[in-house]
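Numbering (UniProt numbering), first residue to last: 1 to 69.
Now the structure itself:
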């Protein structure tokens, strides 16, 4: 749980770890949390999130997103 909290979503953002689309406090939440981040273009990366990811994940994210573009 401690590791997840490092990458938790900030209020009003969908990037990070957690529930992307929580509409209300009464909403029944799914146990399937997600992790979402933007790798490219570089200026859209979240400075509190992407640089702090483990190196293998950052490297593979950049490699994959560069290939797709």
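Backbone N, C-alpha and C fix where the C-beta goes; we use that ideal spot for every residue, glycine too.
Using DSSP bridges, identify the partner residues of residue i.
i, result
"residue 14", "In DSSP, residue 14 forms no bridge with anything."
"residue 70", "Outside the modelled stretch of the chain, which goes from 1 to 69, sits residue 70, for which no answer is possible."
Are the Cβ atoms of residue i and residue j separated by less than 8 Å?
i, j, result
"residue 39", "residue 62", "yes"
"residue 15", "residue 42", "no"
"residue 17", "residue 35", "yes"
"residue 4", "residue 52", "no"
Can you tell me the Cβ-Cβ gap for residue i and residue j, rounded? I've got them flagged as a contact below 8 Å.
i, j, result
"residue 49", "residue 37", "6 Å"
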